[in-house]
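So the structure is just underneath, and the comments pick up after that.
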Amino acid sequence: KKKKKLQFERIQKMNVVQTKNNLDPSSDLTKFARVSLCHQPTPIEPMKRLEAELGGPNLYIKRDDCTGLATGGNKTRKLEFLVGDAIAQNADMLVTQGAIQSNHVRQTAAAACKVGMKCHALLERRVPDRAASYEETGNVLLDKLFGTTLEFRPAGLDMNAEALAVVEKLKSEGHRPYFIPGGGSNAIGALGYVSCALEIAQQEQETGTKFDWLVMGTGSTGTQAGLVAGFQSSGREMPVMGISVRQPHDRQVAAVHKLVNSTLETLGQSSAPASKIHVDDGYVGEGYGITASS
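What follows is the structure, given as structure tokens:
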């Protein structure tokens, strides 16, 4: 127990990433618990060959595939705040959920491994007609390498509710679990993309390049909600278009809008109108993870 206490004291003293900006000071994130998991700032690179292929417009890509944790991805930004909050609450285990080959679960497993916590994940058999190896390779293999224990669930369940039930069971067994919803998408996790919005605005100032739109995939809502909340709180009114990976337009807009306002409330900011939420559901196809014929 003494060794464990010392370990958590060490974790709490880990370098904290501070978001420095000369934008609206109310956007400061240093009041929130946070641990350093992410390579940042991530670069913004021009896509000249794609511009040429399309005949314009000017296109750039924000390289959040380069965040670093267990091959990177957008969930690492969210996990900086979620794991920071878990440590502040003296948790000893992270519990989350996702689809079988979830990038979020893989990054959560790696974050837990990095800070010395246990991790338990529920995996949904969301994508149909997959070979048996689908549940043993790729991200599932990495989850196991990071020491995560796994449970599987059939498609169509309320996976957050399933995970919360497991949280209660783990508490009864003497664990101190911290629940992270699918995609890390709640008001704490969305702070990771509030930070990213500030980072983008700072990069605009440093390079003299001003972007007209930000286009990104939207699923569990946390990335888009954080960006919208971050741009509003910083005074940088950049529209964010989410390309839905799963839900129809109206349902996705409502879900993103709800989390935007929850995140703004967490920041002590006024709410945003639903007109700020832009979603295109024209590429969902037959469903999540199902390859289109095109």
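5 is the number of the first residue of the sequence shown in the numbering used here; add one for each residue after it. Each residue gets a CB set at the ideal place from its N, CA and C atoms; glycine is no exception.
Q: Thinking Gly193 and Leu73 are a contact (beta carbons under 8 Å), I'd like their distance in whole angstroms, please.
A: Reading the sequence shown from its first residue, position 189 is the one you call residue 193. Reading the sequence shown from its first residue, position 69 is the one you call residue 73. Contact between Gly193 and Leu73 is absent: CB atoms are separated by about 14 Å, not below the 8 Å threshold.
Q | Glu203 versus Lys148 - alpha carbon distance | A | Position 199 of the sequence shown, counted from the first residue, corresponds to residue 203. Position 144 of the sequence shown, counted from the first residue, corresponds to residue 148. Their Cα atoms are separated by approximately 33 Å.
(Q) For Ile65 and Ile48, I'd like the C-alpha separation in whole angstroms. (A) Locating residue 65 in the sequence shown gives position 61, where the first residue counts as 1. Locating residue 48 in the sequence shown gives position 44, where the first residue counts as 1. Distance from the CA atom of Ile65 to the CA atom of Ile48, rounded to whole angstroms, is 5 Å.
Q. Does the beta-carbon distance from Gly239 to Val131 come in below 8 Å?
A. The residue you call residue 239 lines up with position 235 of the sequence shown. The residue you call residue 131 lines up with position 127 of the sequence shown. Cβ distance not < 8 Å, so Gly239 and Val131 don't count as in contact.
Q. Under a Cβ-count criterion, where at least 16 other Cβ atoms within 10 Å of its own Cβ denotes burial, should Arg255 be classed as buried or exposed?
A. The sequence position of residue 255 within the sequence shown is 251, counting from 1. The residue is exposed, with fewer than 16 neighbouring Cβ atoms inside 10 Å.
Q | Runs of beta strand (DSSP E) wholly within the stretch 181 to 256 (minimum 3 residues, chain order) | A | DSSP runs (the beta strand (DSSP E)) wholly in the stretch 181 to 256: 181 to 183, 218 to 222 and 244 to 248.
(Q) I need the straight-line Cα distance from Ala159 to Ala95, nearest angstrom please. (A) Numbered from 1 along the sequence shown, position 155 holds the residue referred to as residue 159. Numbered from 1 along the sequence shown, position 91 holds the residue referred to as residue 95. If you take the alpha carbons of Ala159 and Ala95, they lie about 29 Å apart.
Q) Distance, Cα to Cα, Val109 vs Gln101? A) Within the sequence shown, residue 109 is the residue found at index 105, counting from 1. Within the sequence shown, residue 101 is the residue found at index 97, counting from 1. If I take the Cα positions, the gap works out to 7 Å.
Q. When the Cα atoms are used, what is the spatial distance from Ala135 to Leu126?
A. What you label residue 135 is simply residue 131 of the sequence shown in a count that begins at 1. What you label residue 126 is simply residue 122 of the sequence shown in a count that begins at 1. Straight across, the Cα-Cα distance linking Ala135 with Leu126 is about 19 Å.
Q: Quick one: using the 10 Å Cβ neighbour count with 16 as the cut-off for buried, is Gly286 buried or exposed?
A: The residue labelled residue 286 in the question sits at position 282 within the sequence shown. An exposed status is given to Gly286, since fewer than 16 other beta-carbon atoms sit within 10 Å of its beta-carbon.
Q) Quick one, which of Gly60, Gly272 and Gly142 has its alpha-carbon nearest Gln111's? A) Taking the sequence shown and counting its residues from 1, one reaches residue 111 at position 107. Of Gly60, Gly272 and Gly142, the residue nearest in Cα terms is Gly142.
Q: Evaluate Ser30 with the Cβ neighbour count: other Cβ atoms within 10 Å of its Cβ, from every protein chain shown; 16 or more gives buried, anything less gives exposed.
A: In the sequence shown, counting from the first residue as 1, residue 30 sits at position 26. In this prediction, Ser30 has a pLDDT of 46, which is less than 50 and means its spatial position is unreliable; what the coordinates show is noted afterwards. It is exposed - the Cβ of Ser30 has fewer than 16 other Cβ atoms within 10 Å.
**Q.** Whole beta strand (DSSP E) elements within the stretch 23 to 75, 3-residue minimum
**A.** Correct list: 48 to 50 and 64 to 66.
Q: Kindly indicate the opening and closing residues of the beta strand (DSSP E) around Asp284.
A: By one-based count along the sequence shown, residue 284 stands at place 280. According to the DSSP assignment, Asp284 belongs to the beta strand (DSSP E) that extends over His282 to Asp284.
(Q) So, for Thr152: in the same chain, excluding its five sequence neighbours on each side, which residues have a beta-carbon less than 6 Å away from its beta-carbon? (A) As a working mapping, residue 152 is identified with position 148 in the sequence shown. For Thr152, same chain residues with a beta-carbon under 6 Å away, outside a window of 5 residues either side, are Ala113, Cys123 and Ala125 in chain order.
Q) Per DSSP, what kind of secondary structure is His124 in: helix, strand or coil? A) One-based indexing of the sequence shown puts residue 124 at position 120. For His124, the three-state secondary structure derived from DSSP is strand.
**Q.** Assigned secondary structure, Leu83 (DSSP; H/G/I helix, E/B strand, else coil)
**A.** For the purposes of this step, residue 83 is identified with residue 79 of the sequence shown, where counting begins at 1. Under the three-state reduction of DSSP, Leu83 is assigned to helix.
Q.
At the level of alpha carbons, what is the spacing between Glu155 and Leu146?
A. Position 151 of the sequence shown holds residue 155. Position 142 of the sequence shown holds residue 146. Between Glu155 and Leu146, the C-alpha separation is close to 15 Å.
**Q.** Through-space distance from Asp284 to Ile247, alpha-carbon basis
**A.** Counting from one through the sequence shown, the residue named residue 247 turns up at place 243. Counting from one through the sequence shown, the residue named residue 284 turns up at place 280. Roughly 5 Å between the two C-alpha positions.
Q) What residue does the beta strand (DSSP E) around Arg134 start on, and which one ends it? A) In the sequence shown, the residue the question calls residue 134 occupies position 130. Segment: none, Arg134 is in no beta strand (DSSP E) and carries neither H nor E.
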